[in-house]
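Undergrad: This is the structure, below, for whatever I ask next.
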Amino acid sequence: MKSDETPLWNRNFRLFFLARTVARFGDGMVPVALAAGLLESGHGASSVSFALGAWMVCFTGFVLFGGVLADRFTPRRMMVLADVMRLFGTAGLAVIFAGGAPPLWLVYTLSALNGLGAALFQPGVASMLPVLSPDVQRGNAVLRVAESLATMAGPAAAGALAGFGGPGTIFAVNAATFGMSGICLFLVRMPTMKAVRGDSMLTELVGGWREFRARSWLWGVIAIWSVYGVTVLGPMVPLEAVVVTERYGSAMFGLMMTVHGAGNVAGGLLALRLRPARPLFAGTIALFAVAANLLVLAYDVPLPVLAAGFFAGGTGFAFWLVMWSTTVQTMIPPEALNRLHAYDVAGSLIMLAVGRALAGPAAEAIGMREALVGGAVVNVLVCVALFTARPIRALRRVVRPRPAPPDPLTTDRPTTDRPTTEPLTARPGTACPTAEGDRP
1 MKSDETPLWN RNFRLFFLAR TVARFGDGMV PVALAAGLLE SGHGASSVSF ALGAWMVCFT
61 GFVLFGGVLA DRFTPRRMMV LADVMRLFGT AGLAVIFAGG APPLWLVYTL SALNGLGAAL
121 FQPGVASMLP VLSPDVQRGN AVLRVAESLA TMAGPAAAGA LAGFGGPGTI FAVNAATFGM
181 SGICLFLVRM PTMKAVRGDS MLTELVGGWR EFRARSWLWG VIAIWSVYGV TVLGPMVPLE
241 AVVVTERYGS AMFGLMMTVH GAGNVAGGLL ALRLRPARPL FAGTIALFAV AANLLVLAYD
301 VPLPVLAAGF FAGGTGFAFW LVMWSTTVQT MIPPEALNRL HAYDVAGSLI MLAVGRALAG
361 PAAEAIGMRE ALVGGAVVNV LVCVALFTAR PIRALRRVVR PRPAPPDPLT TDRPTTDRPT
421 TEPLTARPGT ACPTAEGDRP
């Protein structure tokens, strides 16, 4: 029997999928391009860190405002504007690196501009998918698989381009990916969306904070995740880079990152197949696998065991991300999703940055093996904490109704409404009912 549901691969989702995949491919080129360009210009390794840091500071500092602006002007418009900003910023990097040794202040400024563009872009990533896809979990899983493949391909392509045309060529290709992403998003036809217009951004930020506090499962996960970011996820990347490179060389570290990426793909494919009734509960089970990734680093294990640990960690983490993203996108009313997703992203990235900064000093103070084993223990404790919190453990999956087809006469034309400072309550029959597990 033919289903009456709109297929996942409708025109709008194809355009959104292409925009996300191409942009993620370009993002993967940036660290390689910056490292090659700045080091070849005679600058030290710290200049690469400062350039990436300029991006991160602007992103985390402005993503909350990106959520408010997406509510005011619709997420698609903000995402197209963000891609235009990043197109010009990255094209500027291509020009100055092609011309020789660029001044550091200009590299940092253009990197900050790209971070600002990413802050305006990110809230729409969460809020557009539930409108475009009749199956939010499947859409998230497909995007996770594609983005994982693109993330693996980006650095490899950048390495090849570095030998062919230098860092200027890498940034030129990266700029083209933002141009393609912007065109695809411009062609997406969205249904009429309610744009929130308030007296001030502060009022809307306060309203978003109250929405955030009103959902115990949401702030519960993010509070636990803050600890996880500082003690596990943040330190994990720099520590594994040091351990694998010192034991086996940089080429083997690159291979292990590829294995981890393959695990991400497997996690996305697994999320395509499984439909757990309690998605956060199932995602937490998968998250236990990250402890295996840390333990194989703590001990001198054979290479196949090391690879198995990286693969397991990538699989478990990707599956958790799909379950988490789907839960947020289906349980939060569309009127609040941009702002609440921005709070989620800002808090998570700040804790990750703190964890990465503390990784080296912690390993020197207590020892590398102790730091890795401690991270594995904290990973298990975090999973146990997620299990024991009833609003998280009992939260049930929501089956969303099919999105309404866009009206070409009113597509993406925002209506206006004033934001409420009181938490929104879902209405019967909407895509965001109050879950039974959200009651204390």
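Numbering follows the working numbering, in which position 129 of the sequence shown is assigned residue number 129; successive positions increment by one, without gaps.
Glycine included, C-beta positions come from ideal geometry on N, C-alpha and C.
#1: Confirm the yes/no value for this check: CB of residue 143, any heavy atom of the ligand NAP, distance under 7 Å.
#2: Rounded to whole angstroms, what's the CA-CA distance from residue 94 to residue 79? Just pull it up for me.
#3: Alpha carbon to alpha carbon, what distance is there between residue 362 and residue 171?
#4: Thinking C-alpha only, which one of 393, 29 and 298 is nearest residue 217?
#5: Look up residue 274 in the DSSP assignment and say whether it is helix, strand or coil.
#6: Indicate the three-state DSSP secondary structure (helix, strand or coil) for residue 145 in the structure shown.
#7: Looking only at C-alpha atoms, which of 254, 84, 282 and 55 sits nearest to residue 106?
#8: Smallest Cα separation from residue 284: which of 347, 382, 183 and 237?
#9: Rounded to a whole number of angstroms, what is the C-alpha to C-alpha distance between residue 345 and residue 138?
#10: Between residue 461 and residue 329, what straight-line distance do the alpha-carbon atoms span, to the nearest angstrom?
#11: Just verifying my parser: in three-state terms, what is the DSSP assignment at residue 395?
#12: Apart from the five residues just before and just after residue 378, which ones in its own chain have a Cβ nearer than 6 Å to its Cβ?
#13: How far does the alpha helix (DSSP H) with residue 108 in it reach, from first residue to last?
#14: Helix, strand or coil for residue 8 per DSSP?
#15: Do residue 152 and residue 76 have their C-beta atoms within less than 8 Å of each other?
#16: Going straight from the alpha carbon of residue 441 to that of residue 22, what length do you get?
#17: Let's see if you can read the secondary structure: which residues bound the alpha helix (DSSP H) around residue 190?
#18: Quick one: what does DSSP say residue 215 is sitting in, helix, strand or coil?
#19: Indicate the three-state DSSP secondary structure (helix, strand or coil) for residue 75 in the structure shown.
#20: Can you give me the C-alpha to C-alpha distance between residue 136 and residue 380, rounded to a whole angstrom?
#21: Nearest to residue 342 by CA position, among 37, 17 and 66, is which residue?
#22: Is the separation between the beta-carbon of residue 268 and that of residue 316 shorter than 8 Å?
#23: Would you report the Cα separation of residue 203 and residue 277, rounded to the nearest angstrom?
#24: Alpha carbons only, please: which of 120, 39 and 43 is nearest the one belonging to residue 70?
#25: To the nearest angstrom, how far is the alpha carbon of residue 433 from that of residue 309?
#26: Compare the C-beta of residue 98 against all C-beta atoms of chain D and say whether one is closer than 8 Å.
#27: If I measure Cβ to Cβ from residue 286 and keep anything under 6 Å in the same chain, skipping five residues before and after, which residues do I get?
#28: Just to confirm the assignment, what range does the alpha helix (DSSP H) spanning residue 135 have?
#29: I'd like to check one pair, residue 154 with residue 27: are the Cβ atoms closer than 8 Å?
#30: Closest to residue 32 by CA distance: which of 161, 373, 325 and 214 is it?
#31: Starting from residue 366, trace the alpha helix (DSSP H) both ways and give me its first and last residue.
#32: Using three-state DSSP, classify residue 301 as helix, strand or coil.
#33: May I ask which residues mark the beginning and end of the alpha helix (DSSP H) holding residue 237?
#34: From 179, 264, 88 and 141, pick the residue whose C-alpha is nearest to that of residue 289; which is it?
#35: What does the Cβ neighbour count give for residue 251, buried or exposed, with the cut at 16 atoms within 10 Å?
TA: Reading off the structure:
#1: This structure does not include the ligand NAP; it has no bound ligands of any sort.
#2: Cα to Cα, the separation comes out at about 22 Å.
#3: For residue 171 and residue 362, the distance between alpha carbons rounds to 35 Å.
#4: Selected option, being the one with the closest Cα: 393.
#5: In the structure shown, residue 274 sits in coil (DSSP, three-state: anything other than H, G, I, E or B).
#6: Three-state DSSP puts residue 145 in a helix.
#7: Closest by alpha carbon: 55.
#8: Ranking the options by Cα distance to residue 284, first place goes to 382.
#9: Rounded to the nearest whole angstrom, the C-alpha separation of residue 345 and residue 138 is 22 Å.
#10: Past the edges of the chain, shown from 1 to 440, lies residue 461, and the structure says nothing about it.
#11: In the structure shown, residue 395 sits in coil (DSSP, three-state: anything other than H, G, I, E or B).
#12: For residue 378, where only same-chain residues beyond five positions count, the Cβ hits under 6 Å are 231 and 232.
#13: Segment 104-132, the alpha helix (DSSP H) holding residue 108.
#14: Look at residue 8 here: in three-state DSSP terms it is coil, with no helix or strand label.
#15: Cβ atoms of residue 152 and residue 76: not closer than 8 Å.
#16: Nothing can be reported for residue 441: it is not among the residues displayed for the chain, which extend from 1 to 440.
#17: Per DSSP, residue 190 belongs to no alpha helix (DSSP H) and is neither H nor E.
#18: It is coil, neither helix nor strand.
#19: In this structure, DSSP gives residue 75 a helical state, which the three-state scheme calls helix.
#20: Whole-angstrom Cα-Cα distance: 28 Å.
#21: Nearest option by C-alpha distance: 66.
#22: No.
#23: In a straight line, the C-alpha of residue 203 is about 36 Å away from that of residue 277.
#24: That would be 120, whose Cα lies nearest to the Cα of residue 70.
#25: Because residue 433 carries a pLDDT of 35, less than 50, the predicted location of this residue cannot be relied on, and no value is offered for it.
#26: The structure shown contains no chain D; it holds only a single protein chain.
#27: A distance below 6 Å between beta-carbons, with the five flanking residues on each side excluded, links residue 286 to the following residues of its chain, in chain order: 316, 319 and 320.
#28: Here residue 135 belongs to no alpha helix (DSSP H), and DSSP marks it neither H nor E.
#29: In this structure, residue 27 places its C-beta atom within 8 Å of the C-beta atom of residue 154.
#30: For residue 32, the nearest C-alpha among the options comes from 161.
#31: For residue 366, the enclosing alpha helix (DSSP H) has its first and last residue at 334-366.
#32: For residue 301, the secondary structure class from DSSP, reduced to helix, strand or coil, is coil.
#33: Residue 237: member of the alpha helix (DSSP H) spanning 234-248, first to last residue.
#34: If we check each option's Cα against that of residue 289, 264 comes out closest.
#35: Exposed, since its Cβ has fewer than 16 Cβ neighbours within 10 Å.
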